[in-house]
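Have a look at the structure below, then the notes.
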Amino acid sequence: MTTEGHDCVLVINCGSSSVKFALIDLTREAPRITGLVECVNSPVALLTWKLDGKKHSKPLPDATLTEGLAEVIAVLPADVELIAVGHRVVHGAEEFSGSVIINDRVLESLERCSALAPLHNPVNIAGIRAAQKVFPELPQVGVFDTAFHQTIPEHAYLYAVPYAWYQEHGVRRYGFHGTSHRYVANETARRLNRKSEETSMIIAHLGNGCSACAIEAGKSVDTTMGISPLEGLVMGTRSGDVDPALHEFISKALGWSLDRVMTALNKESGLLGLSGKSNDMRTLVEAAAADDPHAKIAIEVFAYRLAKSIMSLTAALSKLDAIVFTGGIGENSCKVRARTLEHLQVLGIEVDSSLNAVNGESNTGRITKEGCVPCLVVPTNEELMIARETSTILKS
Ligand code: ADP
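Take the sequence shown: its letter number 293 is residue 292 in numbering that gives the first Met the number 0, and every next letter is one higher.
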């Protein structure tokens, strides 16, 4: 299929040692090429990409981030009209309630936001600087995970801690996965044939990181992640909510520093910590089917905590038109969805097990019986949302 004359956006998601990229055709709203530059600054650095359904790879020993990105140019199809680079940026704090064209002032602000996201923002900034070198003629646009949640009201974003912490240090709930929640909210309203402004829903984005979001009239009104992506639901390796007193207790019990405790809560907890086996839900579902008691309890805690958060988020809504599952786990695990919804019987929800078994593969994605709150599976598409945002910002 030719895309001659079609504008494309290169979407870049930069992690600590890898960069995911996708070339999105804005007319077809589909990726022409997707790929990954991984293990940069190491002898095993590698570029992999998928074009027209075929996988390719090229070793790039010791390539830096910039050198890796420069190699991406060579694999882009020749007929592409690249109009901009769209960057996923994790934390925009209160400074960014929407996407922006990146300039020096924006980069300075992003540096300031790094204190709130020390694991994520510095690598996003490195990705932007590398892309500026490789594509100096193209506009670069930042699309923030936090921006969609800037509509959360004060009573939902404030923690009950000294107010000066908020005023002086920005201590508040920011929320993440905003690009995904926004895309899925629009798509859900479309599938339900409703206007976004008249639809209230709760979306559970369940990937390696997990968060749920209450959306009223197309706007985020509360979410489970907080000042960092550690709060809220049980995740692959993150604990989600714990008693704040746990930090002091376990640090005294084990003689650990605060840094060590934080590493354990971020990297050794969640599904991995509970199961002692894996952070990967698919592996755990298989192990549970083979009667592994640790895998079973990890899934039970995950589903119960998710159900509890969904119930608590209903407090933010005037009505509930849909509960939506997305992300790798949400889109693919009928077991997790079924176990979660079993805890929501108080809402009168009844799962249709045959629809659930096929991940709601109908035009709406519905997995519940008629006559109750619709629960849907709606695949997310963060790359497309970043490309759309990039194009919108350029036009405005
Ligand atoms: P990321 O947050 O890194 O984008 P994904 O959204 O791809 O991650 O989600 C990854 C999670 O989805 C993993 O825990 C993986 O095991 C899970 N997953 C993918 N497919 C299935 C499946 N068929 N059954 C259960 N879990 C699945």
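We put the beta carbon where it would ideally sit given N, CA and C, even for glycine.
Residue nearest to residue i in terms of C-alpha spacing, selected from the options
{"i": "Ser395", "options": "Cys13, Asn40, Val140, Gly67", "result": "Val140"}
{"i": "His154", "options": "Ala92, Val142, Arg171, Ala163", "result": "Arg171"}
{"i": "Phe324", "options": "Thr313, Arg336, Lys318, Val84", "result": "Arg336"}
{"i": "Leu375", "options": "Ala184, Asp6, Val160, Ser16", "result": "Ala184"}
{"i": "Leu25", "options": "Arg190, Thr33, Ile32, Cys7", "result": "Cys7"}
{"i": "Ala83", "options": "Pro60, Phe134, Gly370", "result": "Phe134"}
{"i": "Gln313", "options": "Asp78, Lys334, Ile101, Ile214", "result": "Just to set this straight, residue 313 is Thr in the shown sequence, not Gln. It is Ile214."}
{"i": "Gly370", "options": "Leu393, Asp320, Asn355", "result": "Asp320"}
{"i": "Met310", "options": "Cys38, Ile202, Pro228", "result": "Ile202"}
{"i": "Asp240", "options": "Thr47, Gln149, Thr223", "result": "Thr223"}
{"i": "Glu70", "options": "Asn278, Val36, Phe95, Arg237", "result": "Val36"}
{"i": "Val43", "options": "Gly34, Gly52, Ser16", "result": "Ser16"}
{"i": "Cys13", "options": "Val345, Ser227, Ile124, Pro373", "result": "Ile124"}
{"i": "Thr63", "options": "Phe248, Asn355, Val18, Pro378", "result": "Val18"}
{"i": "His148", "options": "Arg181, Val260, Leu59", "result": "Arg181"}
{"i": "Ile226", "options": "Lys334, Tyr156, Pro76, Ser108", "result": "Tyr156"}
{"i": "Leu68", "options": "Ala211, Ile127, Ser199", "result": "Ile127"}
{"i": "His176", "options": "Thr187, Ser199, Met384, Ile298", "result": "Met384"}
{"i": "Trp48", "options": "Ser41, Asn40, Lys57", "result": "Lys57"}
Helix, strand or coil at residue i according to DSSP, with G and I counted as helix
{"i": "Asp78", "result": "coil"}
{"i": "Asp51", "result": "coil"}
{"i": "Asn367", "result": "According to the sequence shown, residue 367 is Thr rather than Asn. Of the three classes helix, strand and coil, the one that applies to Thr367 here is strand, per DSSP."}
{"i": "Gly67", "result": "helix"}
{"i": "Thr2", "result": "For Thr2, the predicted model reports a pLDDT of 44, less than 50, meaning its position is unreliable; a value from the coordinates is still stated below. Three-state DSSP puts Thr2 in coil, outside helix and strand."}
{"i": "Ser353", "result": "helix"}
{"i": "Gly85", "result": "strand"}
{"i": "Leu35", "result": "strand"}
{"i": "Ala44", "result": "coil"}
{"i": "Ala92", "result": "coil"}
{"i": "Leu393", "result": "helix"}
{"i": "Ile11", "result": "strand"}
{"i": "Ala62", "result": "coil"}
{"i": "Ser361", "result": "coil"}
{"i": "Ser250", "result": "helix"}
{"i": "Glu382", "result": "helix"}
Residue environment, residue i, which counts as buried when at least 16 other CB atoms sit within 10 Å
{"i": "His90", "result": "buried"}
{"i": "Pro152", "result": "exposed"}
{"i": "Gly269", "result": "buried"}
{"i": "Ala306", "result": "buried"}
{"i": "Tyr162", "result": "exposed"}
{"i": "Asp242", "result": "exposed"}
{"i": "Arg104", "result": "exposed"}
{"i": "Arg87", "result": "buried"}
{"i": "His168", "result": "exposed"}
{"i": "Glu388", "result": "buried"}
{"i": "Asp258", "result": "exposed"}
{"i": "Glu330", "result": "buried"}
{"i": "Phe143", "result": "buried"}
{"i": "Phe20", "result": "buried"}
{"i": "Ser274", "result": "buried"}
{"i": "His204", "result": "buried"}
{"i": "Ala92", "result": "buried"}
First and last residue of the uninterrupted beta strand (DSSP E) at residue i
{"i": "Asp221", "result": "218-222"}
{"i": "Ile214", "result": "209-215"}
{"i": "Thr262", "result": "First-last for Thr262: 257-266, but that is the alpha helix (DSSP H), not the beta strand (DSSP E)."}
{"i": "Ile23", "result": "18-24"}
{"i": "Leu402", "result": "Nothing about residue 402 can be reported from this structure: the residues present for the chain run from 0 to 395 only."}
Run of the alpha helix (DSSP H) containing residue i, from where it starts to where it stops
{"i": "Asp240", "result": "It is not in any alpha helix (DSSP H) - Asp240 carries neither H nor E in the DSSP assignment."}
{"i": "Lys276", "result": "It is not in any alpha helix (DSSP H) - Lys276 carries neither H nor E in the DSSP assignment."}
Please give me, in chain order, every unbroken run of the alpha helix (DSSP H) with length at least 4 that falls completely inside the segment 282-351. 292-312, 326-331, 333-341
Which runs of the alpha helix (DSSP H) fall wholly inside the segment 94-134 and span at least 4 residues, in chain order? 103-112, 120-133
Would you mind listing the alpha helix (DSSP H) stretches within the segment 138-207 that are 4+ residues and don't spill past its ends, in chain order? 153-156, 162-168, 177-190
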